[in-house]
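Numbering (my numbering), first residue to last: 28 to 324. Idealized CB from N, CA, C, for every residue including glycine. Contents: one structure, followed by commentary.
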């Protein structure tokens, strides 16, 4: 083989590798869905194609209902030294007021429809564990168990699966709807570069943002914020902040655990499912072709 041919092949391979790296790093990259974050909108085994250009270099901002991929804020990280990635849906933009009353969500005082397959919380007596699990298997129902409250299990399942159980037996004796403390909140999202008046009502909220994401060395005491020994009466924020919630309310990798999501933590927006397979089945039976290139997320 001639040297010129070898040189041509070598540079062709380098260009291909460089192009693939450039595309994945700057433009679009597939992400594997971590179980439990977006059930049942996204499933384990889905490969989500993520647009990385728009938010980081395209000077664009998230919109309502965008599926966002982001670096989990440090307060919610579970592994030291490892940057964990999370996925959730954007429900709040700068300037919005978000309020949750347990089973209802309001944005700017208007009710917002919940995802149709959202997993809701129920309590099930320990004494009925085998009976409930058997009914779930018979109905091909999906549920997530997350700990206990006294003598009952805390289960998360969709309203659809709950109604299937209810039609067969008295659901009141098997599953009791419950609203958790983490699902009761009200927050006003600040706007970038807007002068914010600090009050006793918003001081603690702003203090957390200033120390975690704005690199401000401030102190909080008795409803007031101090910087260099002087009380701050107003402040401006250098970036936008969002409120994100996973379609699986059993998960905690969203704003209910870490609060607002800063723009600097955004990786990109999910645009479609490029590839999907069921990890619990053999490869030749696992392909979910009906989910290939699905854009409705």
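Here residue 189 carries a helix assignment [DSSP, helix/strand/coil].
Every alpha helix (DSSP H) of 4 residues or more that sits fully in the stretch 253 to 321 is shown, in chain order, as 282 to 285 and 310 to 313.
The C-beta separation of residue 268 from residue 236 comes to about 7 Å, placing the pair in contact by the 8 Å criterion. In the DSSP assignment, residue 238 falls outside any beta strand (DSSP E) and lies within the alpha helix (DSSP H) extending over 230 to 239. With contacts defined as CB atoms closer than 8 Å, residue 145 and residue 134 fail to qualify as a contacting pair. About 13 Å separates the beta carbons of residue 115 and residue 295, which is beyond the 8 Å limit, so they are not a contact pair. Burial is judged here by how many other beta carbons sit within 10 angstroms of a residue's own beta carbon; residue 281 has at least 16 and is buried. According to the DSSP assignment, residue 80 belongs to the alpha helix (DSSP H) that extends over 80 to 83. Note that the C-beta distance between residue 227 and residue 256 is not below 8 Å. For residue 138, the beta-bridge partners assigned by DSSP are 133.
Residue 151 holds the alpha-carbon nearest to the alpha-carbon of residue 202 among 151, 131, 139 and 81. Ranked by Cα distance from residue 188, the first of 177, 209, 163 and 205 is 163. Between residue 285 and residue 299, the C-beta spacing is not below 8 Å.
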